[in-house]
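Q: Counting along the sequence shown from 1, when you hit position 8 you're at -7 in our numbering, and nothing is skipped either side. Dropping a structure here in structure tokens format, bear with me for questions.
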Amino acid sequence: MPSTPAASSTPPNGASGKPAQAKPADKADSADAAAPTMVPGSFDALPGWGRDDVRAAWPAFMASCGVLVKRAEWKEPCTIARQVSADSDQAIRQFFEAFFVPNRIVAADGSQSGLVTGYYEPLLHGARKRGGPYQTPLYKVPDDLVSVDLSGVYPELKNLRLRGKLVGKKVVPYATRAEIERAPAMAGKELMWVDDEVEAFFLQVQGSGRVQLTDTQETVRVAYADQNGHPYKSIGKYLVEKGELTLSQASAQGIKAWIAGHPTRKDELFNANPSYVFFKEERLPDPKVGPKGALGVPLTPQRSVAIDSRYVPLGAPLFLATTQANSDIPMQRLVMAQDTGGAIRGAIRVDYFFGFGAEAAENAGRMKQSGMVWVLLPKQAPAR
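So this is what it looks like as structure tokens:
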């Protein structure tokens, strides 16, 4: 274990429900820490701006405004937005063109494109009581997990929390994934039990999901509650480094296929990621509503994205120019930065929320494209 408790922010991919939710993140290295440049431009320069159905993004924007309206530079546009017809593509487009400036993100090394991946809300099958096929626990936050917000002491560490446990008067690192899996102290901390250990692991990567409970005949949402403080490590990258998969094979589907062919090495693979996510149960009154992201509002399928909030303002509208998974078909659309994630690091780094269901899972698992990003900032917003 490391000699000091790990600092982290959220889970790996998107769907948070966590503070600046999302997934566990490593401390920034020097490349990540270098500030990008925001280059102001015009809407005419956005590829596909005139073709996007911006009406589909409007509910997500209004959800962001529910949070952002409290900030001075967002008050005017978010207040006026209430008067815009949600059914008028022209009115919405004119609104953004009147009140916002698209700022193209250029990384510190001069690059203008970055990685675009995808995430989704999975469905698992489980029970409240252990039995039969339901042998894999989803854990609640342990009582001995200590979480400290570092920004109060070190403002430059905004979005990072110190996690560990108290031993005497010292905060020491919390247990790793491997240690948690075999820790008898976790007995009684089970939120529920599911029937698939592999899907339970990927649930932690996604950050939230739904569980269909067979013993109570209900479907509930499990959302990110906290994390053990250890940095998220990609098991796909681990398999590539070990020569087990090529980079193109290391999709969610490829990793699951590898596990199916190497069942005795499953624990080795999972334990390569020391991060462990704890969950909380939430009601699911409307199956059409997505999980809450780091901004604290429900995510909108295909219009919400996770970003690195060190560089991109959480809640801001973005214009994303990328391509569909495993394709050269353009995907150019208005999206909202409403989530964060431990694996989402860098100025031009986007995790695209595909939504819920099998199709969303398929698309998210294969999404690994290059893309460009413009941040739409209010015209009176101070330069970042």
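Here a beta-carbon is modelled for each residue, glycine too, at the ideal position from N, C-alpha and C.
Once you ignore the five residues that flank G111 on each side, which residues in its own chain have a CB closer than 8 Å to its CB?
A: If we look at G111 and ignore the five residues flanking it on each side, its Cβ neighbours are Y119, L123, M177, W178, V179, D180, V196, Q197, L198 and T199.
Q: Would you call P216 buried or exposed, if buried means 16 or more other Cβ atoms sit within 10 Å of its Cβ?
A: The residue in question, P216, is buried, as its Cβ has 16 or more Cβ neighbours within 10 Å.
Q: Along the chain, where does the alpha helix (DSSP H) that runs through K265 open and close?
A: Careful: K265 lies outside any alpha helix (DSSP H), inside the beta strand (DSSP E) at V262 to E267.
Q: Rank E58, Q75, K218 and N256 by C-alpha distance to the C-alpha of R167 and give the top, closest one.
A: Answer by Cα proximity: N256.
Q: Heavy atom of the ligand FMN less than 7 Å from the Cβ of G137, yes or no?
A: No copy of the ligand FMN occurs in the structure displayed, which carries no ligand at all.
Q: Could you give the distance in angstroms between the alpha-carbon of S233 and the alpha-carbon of N348?
A: Roughly 15 Å between the two C-alpha positions.
Q: CA-CA distance, A343 and N88?
A: Rounded to whole angstroms, A343 to N88 spans 35 Å at the Cα level.
Q: Is E229 helix, strand or coil when you go by DSSP?
A: Coil.
Q: Just the C-alpha distance for L299 and P283, rounded to the nearest angstrom, thanks.
A: Going by the C-alpha atoms only, they are around 14 Å apart.
Q: At which residue ranges does the region 292 to 364 contain complete beta strand (DSSP E) runs of 3 or more residues, listed in the order of the chain?
A: For the region 292 to 364, whole beta strand (DSSP E) runs of length 3 or above, ordered along the chain, are 302 to 308, 315 to 324, 334 to 341 and 353 to 363.
Q: Whose CA, out of I329, S132, G95 and Q287, lies closest to the CA of A45?
A: Here the closest residue by C-alpha is Q287.
Q: Buried or exposed: D94, going by 16 or more other Cβ atoms within 10 Å of its Cβ?
A: Exposed: under 16 other Cβ atoms inside 10 Å.
Q: Assuming the contact rule is C-beta atoms closer than 8 Å, K241 and V183 should be a hit. Round their C-beta distance to whole Å, please.
A: With a Cβ gap of about 6 Å, K241 and V183 count as contacting.
Q: Can you tell which of A322, Y296, M316 and S312 has the C-alpha that lies nearest to the C-alpha of T22?
A: Comparing Cα positions, the closest option is Y296.
Q: What beta strand (DSSP E) runs, 3 residues minimum, are completely inside the region 22 to 48?
A: You should have 22 to 25.
Q: In this structure, does DSSP put S193 in helix, strand or coil?
A: Strand, per DSSP.
Q: Among the residues of its own chain, which have a CB less than 6 Å from the CB of S49, if the five just before and after it don't count?
A: If we look at S49 and ignore the five residues flanking it on each side, its Cβ neighbours are G300 and M321.
Q: Give me the Cα-Cα distance between Q354 and V152, rounded to the nearest whole angstrom.
A: So the two alpha carbons sit approximately 45 Å from each other.
Q: Give me the Cα-Cα distance between V54 and L254, rounded to the nearest whole angstrom.
A: Cα to Cα, V54 sits roughly 44 Å from L254.
Q: Out of curiosity, what's the CA-to-CA distance linking F80 and R67?
A: So the two alpha carbons sit approximately 11 Å from each other.
Q: On the premise that A279 lies in contact with I329, defined as a C-beta separation below 8 Å, what is that separation, rounded to the nearest angstrom?
A: So it is not a contact: roughly 10 Å between Cβ atoms.
Q: Taking all protein chains shown into account, decide if V360 is buried (16 or more other Cβ within 10 angstroms of its Cβ) or exposed.
A: Counting Cβ neighbours within 10 Å, V360 comes out buried, since at least 16 surround it.
Q: Taking 8 Å as the cut-off, decide whether the C-beta atoms of G194 and E267 are in contact.
A: No, Cβ-Cβ distance for G194 and E267 is not below 8 Å.
Q: Alpha carbon to alpha carbon, what distance is there between K114 and A16?
A: The predicted model places A16 with a pLDDT of 42, which falls under 50 and marks its position as unreliable; any figure quoted below should be read in that light. If you take the alpha carbons of A16 and K114, they lie about 47 Å apart.
Q: Among V358, Q317 and S136, which has the Cα closest to the Cα of R334?
A: Of the candidates V358, Q317 and S136, the one whose C-alpha sits nearest the C-alpha of R334 is V358.
Q: Going by alpha carbons, who is nearest to S96 out of Q189, G340, I165 and G331?
A: Of Q189, G340, I165 and G331, the residue nearest in Cα terms is G331.
Q: Tell me which residues share the same chain as L269 and place their Cβ nearer than 8 Å to its Cβ, disregarding the 5 neighbours each side in the sequence.
A: The residues are R195, T204, V205 and R206.
Q: Consult DSSP for A13 and reduce its assignment to one of helix, strand or coil.
A: Caution applies to A13, whose pLDDT of 37 falls short of 50 and renders its modelled position unreliable; the model cannot decide the point.
Q: Within a Cβ cutoff of 6 Å, which residues of the same chain sit near D129, ignoring the five residues on either side of it in sequence?
A: Within the same chain, D129 has close Cβ partners K150.
Q: According to the Cβ coordinates, are F448 and G99 closer than 8 Å?
A: Because residue 448 is not part of the residues shown, which for the chain are -14 to 369, the question remains open.
Q: With 16 as the cutoff for other CB atoms within 10 Å, does P363 come out buried or exposed?
A: P363 is buried by the Cβ-count criterion.
Q: Does the distance from the CB of R356 to the CB of L305 come in under 8 Å?
A: The sequence shown places Gly at residue 356, not Arg. In contact: G356 and L305 (Cβ atoms closer than 8 Å).
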